[in-house]
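Down below is the structure, laid out as structure tokens.
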Amino acid sequence: MITTLIFDLDGTLLNTLDDLHNSVSYALKEAGLTPNTIQDTRSLLGNGMKNLIYKSIEKSSSSPLSEKDKDAILDTFRNHYSMHSADKTSPYEGIISMLSKCKERGYITAIVSNKPDFAVKDLYKSFFSEYIDTALGETPDVKRKPAPDMVDKAIFQLSELHHRTISKTECIYIGDSEVDLLTAKNSQLPCIAVSWGFRDRDWLIECGATVIVDKPEEVVDAVSSISMNL
112 MITTLIFDLD GTLLNTLDDL HNSVSYALKE AGLTPNTIQD TRSLLGNGMK NLIYKSIEKS
172 SSSPLSEKDK DAILDTFRNH YSMHSADKTS PYEGIISMLS KCKERGYITA IVSNKPDFAV
232 KDLYKSFFSE YIDTALGETP DVKRKPAPDM VDKAIFQLSE LHHRTISKTE CIYIGDSEVD
292 LLTAKNSQLP CIAVSWGFRD RDWLIECGAT VIVDKPEEVV DAVSSISMNL
């Protein structure tokens, strides 16, 4: 029986694209580089901030930059994003209603994100602390997704919060990208892919998604269906 839902954050619960793109654009401009399109930014999300900036630099710059220069741009991005991470960011339509229903049904919940932990915690407090039990982002001491380590840590935290051992057989992972599909696979969890985020339905199918929902209100039914078939 499924008792526990582990959610990705960006592109799954929150539409963070505008704020992320604005901070990427700012960092590139400050370095004398031409900003990429918002669709370029969208396609690069999911593998952490360092990957986002490094790949954005590759698209923007006609000549390779040194690691030192790349890291300076990354620092500029992080500083800007720390001050502007919630300028335009908000939950996707229907997310709060879905999370409220999950809470009513007694599901245990967590957020696991490759976004820096400080930003995850801030956004969690702003939008989801009423509905979701815990949230964790990228830290130096835990391998980021698609490694299973962050999911394992979230399950451990949830077990402590609820004073019982939560088994992986009780858990489902919910996300919007190929990184999330791999995270679920590496964590040995069933996965629900969502099509409203940073990847399109066709891409999710190409990446091996077998359960896809197109609206937040479909999540609870999808969880129930998976639970019945376990």
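Add 111 to a position in the sequence shown, counting from 1, and you land on the number used in the working numbering. Here a beta-carbon is modelled for each residue, glycine too, at the ideal position from N, C-alpha and C. All of these numbers come straight from a predicted model, not from anything done at the bench.
Mind checking which residues open and close the alpha helix (DSSP H) that includes residue i?
{"i": "residue 211", "result": "206-215"}
{"i": "residue 148", "result": "Careful: residue 148 lies outside any alpha helix (DSSP H) and carries neither H nor E."}
{"i": "residue 163", "result": "160-171"}
Taking the alpha carbon of residue i as the point to measure from, which residue in the options has its own alpha carbon closest?
{"i": "residue 291", "options": "130, 156, 195 and 243", "result": "156"}
{"i": "residue 102", "options": "206, 152 and 141", "result": "For the chain, the structure presents residues 112 to 341; residue 102 sits outside this window and is missing."}
{"i": "residue 250", "options": "128, 163, 188 and 260", "result": "260"}
{"i": "residue 299", "options": "228, 329, 121 and 257", "result": "257"}
Sorted by chain position, which residues of the same chain lie with C-beta nearer than 6 angstroms to residue i's C-beta, five sequence neighbours on each side aside?
{"i": "residue 305", "result": "123, 287 and 324"}
{"i": "residue 171", "result": "139, 144, 145 and 147"}
{"i": "residue 114", "result": "219 and 281"}
{"i": "residue 132", "result": "149 and 152"}
Looking at the secondary structure, which residues open and close the beta strand (DSSP E) in which residue i lies?
{"i": "residue 224", "result": "219-227"}
Quick one: Cα of residue i to Cα of residue j, how far?
{"i": "residue 145", "j": "residue 167", "result": "10 angstroms"}
{"i": "residue 212", "j": "residue 149", "result": "33 angstroms"}
{"i": "residue 337", "j": "residue 185", "result": "40 angstroms"}
{"i": "residue 190", "j": "residue 231", "result": "15 angstroms"}
{"i": "residue 200", "j": "residue 176", "result": "31 angstroms"}
{"i": "residue 312", "j": "residue 116", "result": "21 angstroms"}
{"i": "residue 254", "j": "residue 159", "result": "11 angstroms"}
Identify, in the order they occur along the chain, each residue of the same chain with its Cβ nearer than 7 angstroms to the Cβ of residue i, setting aside the five sequence neighbours on each side.
{"i": "residue 245", "result": "221, 265, 268, 269 and 272"}
Using the Cβ count rule (16 or more neighbours within 10 Å means buried), how would you classify residue i?
{"i": "residue 112", "result": "exposed"}
{"i": "residue 194", "result": "exposed"}
{"i": "residue 339", "result": "exposed"}
{"i": "residue 169", "result": "exposed"}
{"i": "residue 198", "result": "exposed"}
{"i": "residue 274", "result": "exposed"}
So, at 8 angstroms on beta carbons, what are the nonlocal neighbours of residue i in its own chain, with the 5 sequence-adjacent residues on each side left out?
{"i": "residue 187", "result": "137, 138, 141 and 142"}
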